[in-house]
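A.B. asks: So for the sequence shown, the working numbering puts the first residue at 579; every next one is plus one.
Beta carbons: idealized from backbone N, C-alpha and C, even for Gly.
Since we're looking at a predicted model, the values are computed, not measured.
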Amino acid sequence: MGRRIALKPTGFADGVFKMTLVLIAVISGFALYHRTTNMWALKNLGDGILMKRIGRRPIIIGAFHRPEEEQNLSGHYAVMQFVGDARESHSLYCHSTGKNGKKMTTRAHIQRIHKGKRASNNICSWAGHLAECKIGSSSLDSVRVSTVPHPKEALEVPIEKPTYFEEKQKLVVCMAPMYIYTEWQILLTGIETWLAFGATKIVVPVQSASINAYLILKEYEKQGIVIIRDWPKWPVLSDVNPNGLVLSRGIEESHVNCLHFVKPFADMVVFTDIDDMLLPVNPLDLTAGPLRIIQDLTREHPQAGSFLFEHRDVQFVLPDEESHPTLKKFNFNFLQKTKWKMSCKVWRMKTRVLVNASRVDSVNMHETGIHRLGYVQVRVPCRQAHFYHLRHSYKNVATNESRIDMSMLALQLNIQWRNRLNSTFSSIASKVLNKSSTQSFKDFDRCMSAINEEHWSLQVSRCLTPHVCYSRLTRDIACVASEGSFTFARTGEDFVIALNGRRRVSSEPNCEAPLPKFKSGNYFYLP
């Protein structure tokens, strides 16, 4: 046998190998530090290892009967909405009794309400889910829910009674929730504009709002125009606060809740902020509003379950300050100062969503989620139709881009508003209201710019919750808020938590809603 010759590495090869290791380590370090696994995801990664074995703790925030016209299977079904840890695999069982006295236990089909890009990188470690299960009857007021198939360990969850009107509403608007909301002038602009263009019901979830804004909403509610929905905070658990662990403080969860609430009476539903409105591309042509846009789009796309519209930032100038502002003095002449909006661009912009209520089950903040029975999402070209975004654009946004003339809209809104003041709003027309604060808009702009710059730098250190921008300024304004009460049950190694009551109360300092309380539970430890 021949001698074995040991091959010694050359100095060059050894150097290349070491440099390669160093380069791989540097790239891996940057990848961990930047977007691939950002600081928030690293925290989630650590929490996955260093965590107490508490089990799953879904918080059920709504339960609805599935409309029979949406079913393609026999039987009766309930749809529950819950928020839960997105890193957990959730499982729920429904226990109910039919009209014949037969007891039924079924396992729920669970889907996350926003998959895709939301689920690919869980910066927000909690998320909304839908759970649908077969129940004994469509007339049940509640269903018992557990994480194990044993009914003795279940929690009673109330099912909301469906709301009906004499005929289907052609266009319903689901607004984003009101958090610390004080700008009554923008509120009036949004509501009156949607009414002028054919909306018949406007659903407004309220967590906290100024007395003035709430007073205006109540007057619209008396007329059957606005439906106020209480949207309380969620309970703080033993180790986490879910209110700060969902995207944008639960706007998407609120939209999904509104969708299932309006399904029994709505045909088409639009999901938007108070300051986002679907106006004609040329606002001088008031006949080309949302109803005609919807009519044209549904005829062109019969299989569409939803439509995505881009929104353009619009120059927005607030009304001149009044020493003692009242509804009687208010008008929409300030819209005539709006001269510019952003031009349509080639690249993808943020969108707003319009859906056929019976064809979708979930809505994200800027797009749709779960479509039913083969219906699809259609993206509408900006040149065909788009939303006008008036939020914090009080400054000269879009100057020299696309010129617009809002004089016809201002005229129509003024006529509509005068009629309302002389009839249904006459009792509060002379009440002195709080001033709108331009400073709050400027501060909000600065705060949101800082968040956006952080995203462009690819270092996202938190779950995006822009509501913190609203909390920076002290507001010496009286506010109302929604307060929830929750109950819980220990089931197996898990907890099930459910909202079982809500009421309107005076807000905490700075117009913040109070944290909810647990009213009852079957275990000596809180979830």
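When we look at the beta-carbon of Gln659 and count the other beta-carbons within 10 Å, is it buried (16 or more) or exposed?
C.D. replies: Your numbering for residue 659 matches position 81 in the sequence shown. Buried.
A.B. asks: Under three-state DSSP, which class holds Asp808?
C.D. replies: Sequence index remark: in the sequence shown, residue 808 carries index 230 (1-based). Strand.
A.B. asks: Here's a check: name, in chain order, each residue in its chain whose Cβ is nearer than 6 Å to the Cβ of Asn942, leaving out the five neighbours to either side.
C.D. replies: Within the sequence shown, residue 942 is the residue found at index 364, counting from 1. Same-chain partners within the cutoff: His692, Glu830.
A.B. asks: Going by other Cβ atoms of all chains shown within 10 Å of its Cβ, with 16 needed for buried, is Phe1003 buried or exposed?
C.D. replies: Taking the first residue of the sequence shown as 1, we reach residue 1003 at position 425. Result: buried.
A.B. asks: Apart from the five residues just before and just after Cys960, which ones in its own chain have a Cβ nearer than 7 Å to its Cβ?
C.D. replies: To locate residue 960, count along the sequence shown from 1; it is residue 382. Closer than 7 Å at Cβ, skipping near neighbours: Glu888, Cys922.
A.B. asks: Which of the three DSSP states, helix, strand or coil, is assigned to Gly593?
C.D. replies: Walking along the sequence shown from the start, residue 593 turns up at place 15. The answer is helix: DSSP assigns Gly593 an H, G or I state.
A.B. asks: Count the other CB atoms within 10 Å of the CB of Tyr1103; is the residue buried (16 or more) or exposed (fewer)?
C.D. replies: The sequence position of residue 1103 within the sequence shown is 525, counting from 1. Burial call: exposed.
A.B. asks: How is Val1058 classed by DSSP in three states: helix, strand or coil?
C.D. replies: The residue given as residue 1058 occupies position 480 in the sequence shown. Strand, per DSSP.
A.B. asks: Give me the Cα-Cα distance between Leu564 and Pro1092, rounded to the nearest whole angstrom.
C.D. replies: With the chain represented from 579 up to 1105, any question about residue 564 goes unanswered, as that position is not in the structure.
A.B. asks: Exposed or buried, which one is Ala1059 when buried takes at least 16 other CB atoms within 10 Å?
C.D. replies: For the purposes of this step, residue 1059 is taken as the residue at position 481 of the sequence shown. When all chains shown are included, Ala1059 counts as buried.
A.B. asks: Using only the alpha-carbon positions, how far apart do Arg870 and Arg930 sit?
C.D. replies: Walking along the sequence shown from the start, residue 870 turns up at place 292. Walking along the sequence shown from the start, residue 930 turns up at place 352. Cα to Cα, Arg870 sits roughly 17 Å from Arg930.
A.B. asks: Would you kindly work out how many angstroms separate the C-alpha atoms of His838 and Gly768, rounded to a whole number?
C.D. replies: Your numbering for residue 838 matches position 260 in the sequence shown. Your numbering for residue 768 matches position 190 in the sequence shown. So the alpha carbons of these two residues sit roughly 23 Å apart.
A.B. asks: Strictly by DSSP, which residues pair up with Phe1096?
C.D. replies: As a working note, residue 1096 is residue 518 in the sequence shown. The partner list for Phe1096 (beta bridge, DSSP) reads Phe1064.
A.B. asks: List the endpoints of the continuous alpha helix (DSSP H) containing Cys836.
C.D. replies: Locating residue 836 in the sequence shown gives position 258, where the first residue counts as 1. That run of the alpha helix (DSSP H) goes 829-840.
A.B. asks: Name the DSSP bridge partner or partners of His964?
C.D. replies: Here the question's residue 964 lines up with position 386 in the sequence shown. His964 is bridged to Leu857.
A.B. asks: State whether the region 713-729 contacts the region 744-755, with contact taken as three or more CB pairs (one from each stretch) at a distance under 8 Å.
C.D. replies: No, the region 713-729 is not in contact with the region 744-755.
A.B. asks: Bridge partners for Leu733 per DSSP, in chain order?
C.D. replies: Within the sequence shown, numbered from 1, the residue matching residue 733 stands at position 155. Paired residue(s): Val723.
A.B. asks: What is the DSSP secondary structure of Lys800, counted as helix, strand or coil?
C.D. replies: Translated into the one-based positions of the sequence shown, residue 800 becomes position 222. Three-state result, Lys800: helix.
A.B. asks: Nearest to Gly828 by CA position, among Glu738, His707, Ile794, is which residue?
C.D. replies: The residue given as residue 828 occupies position 250 in the sequence shown. Residue His707 is the option with its Cα nearest to Gly828.
A.B. asks: Thinking just about the alpha-carbon of each residue, which of Glu731, Ile789, Val847 is nearest to the one in Val781?
C.D. replies: Translated into positions along the sequence shown, residue 781 becomes position 203. Per the Cα distances, Val847.
A.B. asks: When you compare each of Arg890, Phe894, Ser980, Glu945 to His964 by their alpha carbons, which one comes out closest?
C.D. replies: Taking the first residue of the sequence shown as 1, we reach residue 964 at position 386. Ranking Arg890, Phe894, Ser980, Glu945 by Cα distance to His964 puts Arg890 first.
A.B. asks: Return helix, strand or coil for Cys1089, following the three-state DSSP convention.
C.D. replies: Along the sequence shown, read from residue 1 onward, the residue named residue 1089 stands at position 511. Helix.
A.B. asks: CB Arg1080 to CB Gly1062, shorter than 8 Å?
C.D. replies: Looking up residue 1080 in the sequence shown gives position 502. Looking up residue 1062 in the sequence shown gives position 484. Yes; because the gap between Cβ atoms is below 8 Å, this pair is in contact.
A.B. asks: Taking its Cβ as the centre, do 16 or more other Cβ atoms sit within 10 Å of Phe590, making it buried, or is it exposed?
C.D. replies: By one-based count along the sequence shown, residue 590 stands at place 12. Answer is exposed; the Cβ neighbour count stays below 16.
A.B. asks: Could you tell me if Arg635 is buried or exposed, where buried requires 16 or more neighbouring beta carbons within 10 angstroms of its beta carbon?
C.D. replies: In the sequence shown, residue 635 corresponds to position 57, counting from 1. Burial call: buried.
A.B. asks: Please report the residue range of the beta strand (DSSP E) in which Ala709 lies.
C.D. replies: Numbered from its first residue, the sequence shown carries residue 709 at position 131. First-last of the beta strand (DSSP E) with Ala709: 704-713.
A.B. asks: My parser needs the beta strand (DSSP E) runs of 3 or more residues fully inside the region 848-909; what are they?
C.D. replies: As far as the region 848-909 is concerned, its whole beta strand (DSSP E) runs of at least 3 residues are 854-857, 882-891.
A.B. asks: Along the alpha helix (DSSP H) that carries Leu989, what are the first and last residues, could you check?
C.D. replies: Sequence index remark: in the sequence shown, residue 989 carries index 411 (1-based). That run of the alpha helix (DSSP H) goes 985-999.
A.B. asks: Taking the alpha-carbon of Thr675 as reference, which of Gly662, Lys712, Gln689, Glu647 has the nearest alpha-carbon?
C.D. replies: The residue given as residue 675 occupies position 97 in the sequence shown. Among Gly662, Lys712, Gln689, Glu647, the Cα nearest to that of Thr675 is on Lys712.
A.B. asks: Name the DSSP beta bridge partners of Lys571, please?
C.D. replies: Outside the displayed range of the chain (579 to 1105) lies residue 571, so it cannot be described from this structure.
A.B. asks: Pull the bridge partners of Gly1079 from the DSSP assignment, please.
C.D. replies: To locate residue 1079, count along the sequence shown from 1; it is residue 501. Paired residues: Ser1063.
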